[in-house]
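Worksheet: one structure, shown below.
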Amino acid sequence: MSFQSEIVNWYLLYKRDLPWRNTKDAYVIWLSEVILQQTRVEQGLPYFNRFLDNYPDVVAFASATETQILKLWQGLGYYSRGRNMHFTAKQVCEIHNGQFPTKYDELIKLKGVGDYTAAAIASFSSNESKAVLDGNVYRVLSRYFGIETPINSSGGKKEFLALAQSLISDQDASVYNQAIMEFGALQCKPKSPECSVCPLQTGCFARNNNLVATLPVKLNKLKKRTRYFNYFVCLTEENLLVKKRNPGDIWQELYDFPLIETTQNYQDDQENFLTQLKGGFGEDCKITALSQQKHLLTHQTIYVQFFGLDNYIVNFSKGADIKWVSLQEFDELPQPKVITNFMDTYFIK
DNA sequence: AAACCGGGGTT
DNA sequence: AACCCAGGTTT
7 MSFQSEIVNW
17 YLLYKRDLPW
27 RNTKDAYVIW
37 LSEVILQQTR
47 VEQGLPYFNR
57 FLDNYPDVVA
67 FASATETQIL
77 KLWQGLGYYS
87 RGRNMHFTAK
97 QVCEIHNGQF
107 PTKYDELIKL
117 KGVGDYTAAA
127 IASFSSNESK
137 AVLDGNVYRV
147 LSRYFGIETP
157 INSSGGKKEF
167 LALAQSLISD
177 QDASVYNQAI
187 MEFGALQCKP
197 KSPECSVCPL
207 QTGCFARNNN
217 LVATLPVKLN
227 KLKKRTRYFN
237 YFVCLTEENL
247 LVKKRNPGDI
257 WQELYDFPLI
267 ETTQNYQDDQ
277 ENFLTQLKGG
287 FGEDCKITAL
297 SQQKHLLTHQ
307 TIYVQFFGLD
317 NYIVNFSKGA
327 DIKWVSLQEF
337 DELPQPKVIT
347 NFMDTYFIK
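Be aware that the first sequence starts at 7, since it is given in my numbering, and climbs by one per residue.
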């Protein structure tokens, strides 16, 4: 039996029942695919359900404000996905008259829709024969066919895409694309794949050459930046001073607090830090250390320190991005996880 | 081509 | 701590 037939047969037996598999609606598929970019199914599932409940079609999605979209996106990460979706929803309403496109050539023009997502929506909604290439497909193909070209090189991407596209011909594109991804997610897993019960084990190059743990090859050199955020929590009569994040930095368009970023970690040396701030908030200012946290992102390690401020002279309010809001209003604004965690700790709802 | 963009689970 | 997740955009 062919590679493709084995994969599809396995899929029909073992596939999970996922809500976005029960529709041909390109809008619904777009919603699921963008949510699932670099996101596990279990993590994205509740977000998918909430978005579909709130915005059943692309017109409803486009009618929302960007803040409402980001609020619903809160906690999922990679917030540009939410911003791009809002832009795209409005564009689909204008250019495509509210009809979400189903063809690759139209989908690839949409903001936030790349090669993978365009191929996924096109094949799932209209059965267009475009091969998807995601982390699962790279892994399955590199192992079975023994391809050692790094998957994150430009040459590797072209090589794997050509192979994937050749394999999908004369297949049911919708089923085959979902099958090979599901196979990678459940059977040909990154660590400890289930080779002993794998229907493809006899023809698998990696299995036959003891390369399962080596493939796929990925060149990696992600250097992490370390940053130190010192937040100041100003609370008066139930009002809170909040700040919208700056463009060009993490958490763009989300809200946190007035912040002094330092190049040095003062988490174990708060007195030194406060001494350097001496007078900055006025003679009678009282600064209270509230809590500290180490926050891990993919590309940054952030040491976060929260200070409470009382009897201070406001010297933050220089821009329109800083404003007073009630606790209730702040709850409606999108916030990064580290702020949500802080609020949950200090303000019991 | 390389850097940047979150949060969470697994090993 | 390293790796990965139904990737995409910007520089």
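Beta carbons are placed, not taken as given, at the ideal position from N, Cα and C, and that holds for glycine. Keep in mind that this is a model prediction, so the values were computed, not measured.
Query	Result
Cα-Cα, which of D350, L24, Q74, R231 is closest to Q184?	L24
Taking its Cβ as the centre, do 16 or more other Cβ atoms sit within 10 Å of S11, making it buried, or is it exposed?	exposed
Inspect the beta-carbon positions of Y110 and E72 and report whether they are closer than 7 Å.	no
Would you mind stating whether V4 and F106 have Cβ atoms separated by less than 7 Å?	Since the displayed the chain opens at 7 and closes at 355, residue 4 lies outside it and no answer follows.
In this structure, does DSSP put H102 in helix, strand or coil?	coil
If we count the other Cβ atoms within 10 Å of its Cβ and call it buried at 16 or more, is V203 buried or exposed?	exposed
Whole angstroms is fine: what's the gap from K229's alpha carbon to I308's?	14 Å
So does the stretch 208 to 218 actually touch the stretch 150 to 168, counting three or more Cβ pairs closer than 8 Å?	yes
For the alpha helix (DSSP H) that contains V239, what are its first and last residues?	Not the alpha helix (DSSP H): V239 falls in the beta strand (DSSP E), residues 231 to 242.
Using 7 Å as the threshold, is the C-beta distance between R231 and Q311 below it?	no
Kindly indicate which three-state DSSP category G314 falls into: helix, strand or coil?	strand
If contacts are defined as beta-carbon pairs under 8 Å, then W36 and I127 qualify, I think. What distance do you get, rounded to the angstrom?	6 Å
Assuming V47 is part of the alpha helix (DSSP H), what are its boundary residues?	47 to 60
When the Cβ atoms of the stretch 84 to 102 are set against those of the stretch 264 to 282, are three or more pairs found closer than 8 Å?	no
At which residue ranges does the stretch 70 to 157 contain complete alpha helix (DSSP H) runs of 4 or more residues, listed in the order of the chain?	72 to 79, 86 to 101, 110 to 113, 121 to 132, 141 to 151
Would you please state the rounded distance, in angstroms, between the beta carbons of A5 and K115? I believe it to be under 8 Å.	Residue 5 falls outside the range modelled here, since the chain spans only 7 to 355, and no answer is possible.
So for W36, helix, strand or coil by DSSP?	helix
With which residues is N245 paired in a DSSP beta bridge?	T242, S332
Can you find the residues in the same chain that come closer than 6 Å, C-beta to C-beta, to Q171, ignoring five residues on each side of it along the sequence?	A137
As a quick exercise: from L303, Q298, F313, pick the residue whose alpha carbon is nearest that of C291.	F313
Would M7 be called buried (16 or more neighbouring beta carbons within 10 Å of its own) or exposed?	exposed
Leaving aside the five residues before and after Y261 along the sequence, list all residues of the same chain whose C-beta is less than 8 Å from its C-beta, in chain order.	V248, K249, K250, R251, F336, L339, P340, Q341, I345
Along the chain, where does the alpha helix (DSSP H) that runs through S180 open and close?	179 to 192
For Y272, does the three-state DSSP call read helix, strand or coil?	coil
Can you look up T304 in the DSSP assignment and give me helix, strand or coil?	coil
So, Y61 versus F67, is the Cβ gap smaller than 7 Å?	yes
Which same chain residues end up closer than 8 Å to A191 when comparing Cβ atoms and leaving out the 5 residues on each side of it in sequence?	V47, N142
Measure the alpha-carbon distance for T269 versus F235 and round it to whole angstroms.	9 Å
Ignore the nearest five residues each way along the sequence and tell me which others in G162's own chain have a CB closer than 6 Å to its CB.	T155, P156
Looking at G104 and V40, is the spacing between their C-beta atoms short of 7 Å?	no
Between which residues of its own chain and G50 is the CB-CB distance below 8 Å, once the five residues before and five after are set aside?	S38, I41, L42, L82
Give every residue of the same chain whose Cβ lies closer than 7 Å to the Cβ of L78, excluding the five residues on either side of it in the sequence, and list them in chain order.	R56, F57, N60
Between which two residues does the alpha helix (DSSP H) harbouring A212 extend?	211 to 214
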